[in-house]
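Undergrad:
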Amino acid sequence: MRNFYRPRPEKKFYFINHRIEAPTLRVIDKEGKQIGVLSKYDALRKAQELESDLVLIAPSAKPPVAKIIDFKKFLYQEEKKLKESKKGIKKSTVKNIKLSLFIAESDLNRLIARTKEFLDEGNQVRINLLFRGREIGKRQMGFDLINKFLASLGDINVSKEPRLMGRIISTVVFRRK
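First residue of the sequence shown: 36, per our numbering; consecutive thereafter.
The structure is reproduced here in structure tokens:
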């Protein structure tokens with residue numbers, strides 16, 4: 036049986052209640068109002084009176100900042116903020132287009148249209164031309180075909196110039212913004 040390692044997302048560690056080591060703290064209540072600078076024990080007592088937890092928010096501040104809140108609710112809100120911040124990010128993926136040296140004109144036009152669709156979606160496109168058998172002797176025809184393909188795409192940026200790697204000519208393109 037194989038054992039696959041899947042990295043887990045790192046969780047932020049918070050010092051709460053008795054794990055706080057600072058002798059004095061700037062304390063903030065549930066509503067966000069400053070209570071003032073208190074000793075650790077006075078702040079803990081205040082948190083127990085309000086039936087909440089004392090959570091160290093800014094440990095590097097002078098004095099460190101702690102907030103009196105319900106810790107589980109605080110974790111839930113932090114997780115919610117993280118998910119909300121990830122929503123707006125769109126990952127651009129690299130799509131692959133495969134060509135052959137003796138491709139029909141209609142197939143070439145279809146692949147050009149498909150590539151334009153990928154570029155309009157904001158993706159990068161890797162264009163590969165594979166030489167089979169004795170086609171490797173016609174390298175210049177391959178470079179000409181790739182250049183014709185790139186010229187037909189219009190307004191694009193080439194992030195990786197066409198180059199021969201073994202039996203494949205490869206290039207990567209993306210849309211100008």
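Ideal Cβ placement from N, Cα and C applies to all residues, glycine included.
Given a cut-off of 8 Å, decide if residue 181 and residue 206 are closer than it, judged by their beta-carbon atoms.
TA: Yes, Cβ-Cβ distance for residue 206 and residue 181 is below 8 Å.
Undergrad: With DSSP run on the structure shown, which of helix, strand or coil describes residue 209?
TA: DSSP places residue 209 in strand when its eight states are reduced to three.
Undergrad: Whole-angstrom Cβ separation of residue 178 and residue 162, contact assumed at under 8 Å?
TA: About 12 Å; that fails the 8 Å criterion.
Undergrad: Can you look up residue 172 in the DSSP assignment and give me helix, strand or coil?
TA: Reduced to three states, the DSSP call for residue 172 is helix.
Undergrad: Tell me the DSSP secondary structure of residue 198 in three-state form.
TA: Three-state DSSP puts residue 198 in a strand.
Undergrad: Where does the unbroken alpha helix (DSSP H) through residue 144 begin, and where does it stop?
TA: 140-155 is the span of the alpha helix (DSSP H), which, as asked, contains residue 144.
Undergrad: Could you give the DSSP three-state label for residue 182: helix, strand or coil?
TA: DSSP places residue 182 in helix when its eight states are reduced to three.
Undergrad: What are the start and end residues of the alpha helix (DSSP H) that includes residue 77?
TA: Residues 75-84.
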